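See structure below.
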Amino acid sequence: MRLNMKKIINFLGLIIMILVCVGCNKVNNEVINSSNIDSNNKYIEGLVIYKENDEALAVDNNQVIYRLKGLETDVDSYVKISYDGELNKNAEIQDITIKNVENVNNEFKLNSGFNNYERAKEIVEAMSLEEALGQIYMVHHSTDSLEDVRTYNLGGFIFFGADFKNKTKEDVLDMVDKLNDNSKIPLLLAVDEEGGIVTRISSNPNLASERFKSPRELYKEGGFDLIRDDTIKKNEILEGLHLNINLAPVLDISNDSKDYIYSRSVGLSPELTGVFAQTVIDASKNSKISYVMKHYPGYGKNSDTHKSKSLDTRSMEEIESDLIPFSKGIQSGGEAIMISHNIVEALDSNNPASISINNHNYLRNTLGFRGMVITDALNMGATADIENMGIKSLVSGNDILVTKNYKEDINNILEGVSKGQVSSKYIRALAIKVIEWKISKGLI
Numbered sequence: 042m043r044l045n046m047k048k049i050i051n052f053l054g055l056i057i058m059i060l061v062c063v064g065c066n067k068v069n070n071e072v073i074n075s076s077n078i079d080s081n082n083k084y085i086e087g088l089v090i091y092k093e094n095d096e097a098l099a100v101d102n103n104q105v106i107y108r109l110k111g112l113e114t115d116v117d118s119y120v121k122i123s124y125d126g127e128l129n130k131n132a133e134i135q136d137i138t139i140k141n142v143e144n145v146n147n148e149f150k151l152n153s154g155f156n157n158y159e160r161a162k163e164i165v166e167a168m169s170l171e172e173a174l175g176q177i178y179m180v181h182h183s184t185d186s187l188e189d190v191r192t193y194n195l196g197g198f199i200f201f202g203a204d205f206k207n208k209t210k211e212d213v214l215d216m217v218d219k220l221n222d223n224s225k226i227p228l229l230l231a232v233d234e235e236g237g238i239v240t241r242i243s244s245n246p247n248l249a250s251e252r253f254k255s256p257r258e259l260y261k262e263g264g265f266d267l268i269r270d271d272t273i274k275k276n277e278i279l280e281g282l283h284l285n286i287n288l289a290p291v292l293d294i295s296n297d298s299k300d301y302i303y304s305r306s307v308g309l310s311p312e313l314t315g316v317f318a319q320t321v322i323d324a325s326k327n328s329k330i331s332y333v334m335k336h337y338p339g340y341g342k343n344s345d346t347h348k349s350k351s352l353d354t355r356s357m358e359e360i361e362s363d364l365i366p367f368s369k370g371i372q373s374g375g376e377a378i379m380i381s382h383n384i385v386e387a388l389d390s391n392n393p394a395s396i397s398i399n400n401h402n403y404l405r406n407t408l409g410f411r412g413m414v415i416t417d418a419l420n421m422g423a424t425a426d427i428e429n430m431g432i433k434s435l436v437s438g439n440d441i442l443v444t445k446n447y448k449e450d451i452n453n454i455l456e457g458v459s460k461g462q463v464s465s466k467y468i469r470a471l472a473i474k475v476i477e478w479k480i481s482k483g484l485i
């Protein structure tokens, strides 16, 4: 059912609530881009991507998401909402007066920054909706992977230590190449090779002459020059194994040995950790390896989210300080960021960052990031008891969903589409963005 304009006109002057985020009333967050505001006519323009009862989610071209209450329009509608009033940046709920709502006939597209839209669009248009949805998933490698890459048209795989244990280089190449041979679309193939205690590959002497040292050790021994050289060595080893993504660097700030993330961090100030980010990103630019900055918006002193929920009670000022490395990495051309499951009270006191609209909006709007947002594993302890995780992670601002529960999540999302709750156009827009990234990486 299309938008009933007469009904909308009858409701002119009705106050509706726009929830910029879920459960957040502390963040100083820009929620409307200047490109979306005319001095005489303020408006929100976006695609309605989710609807349940009287609430809807709409996303704009920069992937900023707005929660709308009382908007009577269907999922997949591309709408322009003009309003009177001012947005209070620090309030959870905004009271505005609707002036007009109209359908927009323009094509909806996400601004990715990869500049391969038309080619990517052509590829995705040839896919079924199920195939397009599969491209959004980067899943754990398992014994089912060869079959599932064909069945679900999966976008990529993550490999862990067990996948490399005792294997020779030839064994690994056989494992990786078989996956690509069975996939219609070249795959994103990722590993955590941070150095130190997280070395999935170099812990195997068949694959590397020595285990990569932690960033903390490298900096103490040779500063950023040694970190640059170390990154180049990692590039060479990963390329040699036909992998194309390293889930590193860790940009979390920690100087307390009791912190969970301490041994994985570089152990420097936010400003110098920003230089660390720039060094790694710059050293990767002439390689086939993309680096994923993690764990936005910063771990701090939080506990391990692999096991259970973690609540971050730091002030917004402290959070902003820890975001400096991510900002520097973005400025250096970082392509991807991994978002954690920490509940960051200053941004959203109710939801893990991975499914928090406001955490994503801050990244898109305040930090200006247009690249790939990748979830930490959605099957971790911190999110294990959250219902409808597949749908929630899809419509909260992520680009790539990491999980081993992908079969269940994919089915739930497709059911949501059939019920008119979840946008098929948004699924295709995300798939186009994934394909744009693959093209920019030279995979397609």
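Using the numbering used here, the first residue of the sequence shown is number 42, and each one after it goes up by one. Idealized CB from N, CA, C, for every residue including glycine. This structure is a prediction, so every number in the text was calculated from the model and none was measured.
Practice task
Could you name the residues that DSSP lists as bridge partners for Met334?
Solution key: Looking at the DSSP assignment, Met334 forms a beta bridge with Ile378.
Requested in this report: Please confirm if the region 446-466 is in contact with the region 82-102, defined as three or more CB-CB distances below 8 Å between the two stretches.
Outcome: The region 446-466 and the region 82-102 touch, with no fewer than 3 CB-CB distances between them shorter than 8 Å.
Open item on the list: Under 8 Å: do the region 175-189 and the region 390-399 share three or more Cβ pairs, one atom per stretch?
Closed with: Counting C-beta pairs closer than 8 Å gives fewer than three between the region 175-189 and the region 390-399, which falls short of the contact rule.
(Q) Assuming contact is defined by CB atoms lying nearer than 7 Å, are Pro311 and Val385 in contact in what I supplied? (A) Going by C-beta atoms, Pro311 is not nearer than 7 Å to Val385.
| field | C-beta atoms of Ile106 and Gly438 nearer than 7 Å | value | Yes. Within cutoff.
* **Alpha-carbon spacing of Ser250 relative to Val180, whole angstroms** => Near 29 Å, if we compare the C-alpha coordinates of Val180 and Ser250.
Where Lys274 and Ser481 are concerned, what is the direct C-alpha to C-alpha distance, given to the nearest angstrom? C-alpha separation (whole angstroms): 22 Å.
Endpoints, beta strand (DSSP E) assigned at Met413: Taken as a continuous stretch (DSSP letters only), the beta strand (DSSP E) holding Met413 covers Met413 to Thr416.
* Using 10 angstroms around the beta-carbon of Leu352, count the other beta-carbons present and answer buried if the total reaches 16, otherwise exposed. => Result: exposed.
Suppose only complete runs of 3+ residues qualify. What are the beta strand (DSSP E) ranges in the region 302-327, listed by chain order? Entirely contained in the region 302-327, not one beta strand (DSSP E) run reaches 3 residues.
**Report entry** For Tyr403, the three-state DSSP class (helix, strand or coil)
**Finding:** In this structure, Tyr403 counts as helix in the three-state DSSP scheme.
State the DSSP-derived secondary structure class of Leu284, mapped to helix, strand or coil. Reduced to three states, the DSSP call for Leu284 is coil.
task: Would you check if the region 163-170 and the region 141-153 touch, i.e. whether three or more CB-CB distances between them fall below 8 Å?
output: The region 141-153 and the region 163-170 do not touch, with fewer than 3 CB-CB distances between them shorter than 8 Å.
- Query: When you compare only the Cα positions, how much space is there between Asn285 and Pro227?
  - Reply: In this structure, the CA atom of Asn285 is about 11 Å from the CA atom of Pro227.
Rounded to the nearest angstrom, what separates Ile451 and Asn94 at their Cα positions?
If you take the alpha carbons of Ile451 and Asn94, they lie about 22 Å apart.
Given Leu220 as reference, the closest of Asn194, Glu171, Lys261 and Glu235 once Cα atoms are compared = Out of Asn194, Glu171, Lys261 and Glu235, Asn194 has the C-alpha closest to the C-alpha of Leu220.
Worksheet item: Terminal residues of the continuous beta strand (DSSP E) containing Ala231?
Response: Segment Leu229 to Val232, the beta strand (DSSP E) holding Ala231.
* Asked: Hey, how far is the Cα of Leu486 from the Cα of Ile427?
  -> Since the displayed the chain opens at 42 and closes at 485, residue 486 lies outside it and no answer follows.
Quiz item: Residue ranges of each beta strand (DSSP E) run of no fewer than 3 residues wholly in the region 144-191, ordered along the chain?
Solution: Secondary structure remark: continuous beta strand (DSSP E) runs of at least 3 residues inside the region 144-191, in chain order: 178-181.
Distance check for Val142 and Asn327, CA to CA, integer angstroms please. Each residue's alpha carbon lies about 47 Å from the other.
Have a look at Ile322, Asn287 and Ile360 and flag the residue whose alpha-carbon is nearest the alpha-carbon of Ile371.
Considering only alpha carbons, the answer is Ile322.
inquiry  = Could you pull the DSSP bridge partners for Leu408 from this structure?
reply    = Leu408 is not bridged by DSSP to any residue.
Near Met430, which residues of its chain fall below 7 Å by C-beta distance, leaving aside the five closest residues on each side in sequence? Leu419, Thr424 and Asp450, listed in sequence order.
Please go through the region 238-285 and give each complete alpha helix (DSSP H) segment of 4 or more residues, from N-terminal end onward.
Correct list: 256-281.
Report task. Count the other C-beta atoms from every protein chain shown that fall within 10 angstroms of the C-beta of Glu358, then say buried if there are 16 or more, exposed otherwise. Result -> The residue is exposed, with fewer than 16 neighbouring Cβ atoms inside 10 Å.
By how many angstroms is the C-alpha of Lys140 removed from the C-alpha of Ser118? Spanning the alpha carbons of Ser118 and Lys140 requires a straight line of approximately 18 Å.
Based on the DSSP secondary-structure assignment, which residues constitute the bridge partners of Asn141?
-> Beta-bridge pairing links Asn141 to Ser123.
* How big is the Cα-Cα spacing for Gly457 and Ile432? -> Straight-line Cα distance between these residues: approximately 8 Å.
Would you list the residues sitting across from Phe198 in a DSSP beta bridge?
Here Phe198 is bridged, per DSSP, to Val180 and Leu230.
Strictly by DSSP, which residues pair up with Leu442?
Tyr178.
- Item | Which of helix, strand or coil DSSP assigns to Asp212 | Note: Asp212 maps to helix in three-state DSSP.
- Task: Figure out for me which residue from Arg405, Asp417 and Leu408 has the closest Cα to the Cα of Pro393.
- Result: Comparing Cα-Cα distances from Pro393 to each of Arg405, Asp417 and Leu408, the minimum goes to Asp417.
**Q.** Enclosing alpha helix (DSSP H) for Gln372 [first to last residue]
**A.** DSSP places Gln372 in the uninterrupted alpha helix (DSSP H) bounded by Ile365 to Gln372.
Practice task
Can you have a look at Thr354 and say buried or exposed, based on whether 16 or more other CB atoms are within 10 angstroms of its CB?
Solution key: So Thr354 counts as exposed.
Look at the alpha carbon of Phe198 and the alpha carbon of Val443, and state the distance between them as a whole number of angstroms.
If you take the alpha carbons of Phe198 and Val443, they lie about 9 Å apart.
Fill in: Asp271 beta carbon near the ligand COA (any heavy atom closer than 6 Å)
In terms of ligand content, the structure shown is empty, and the ligand COA therefore cannot be addressed.
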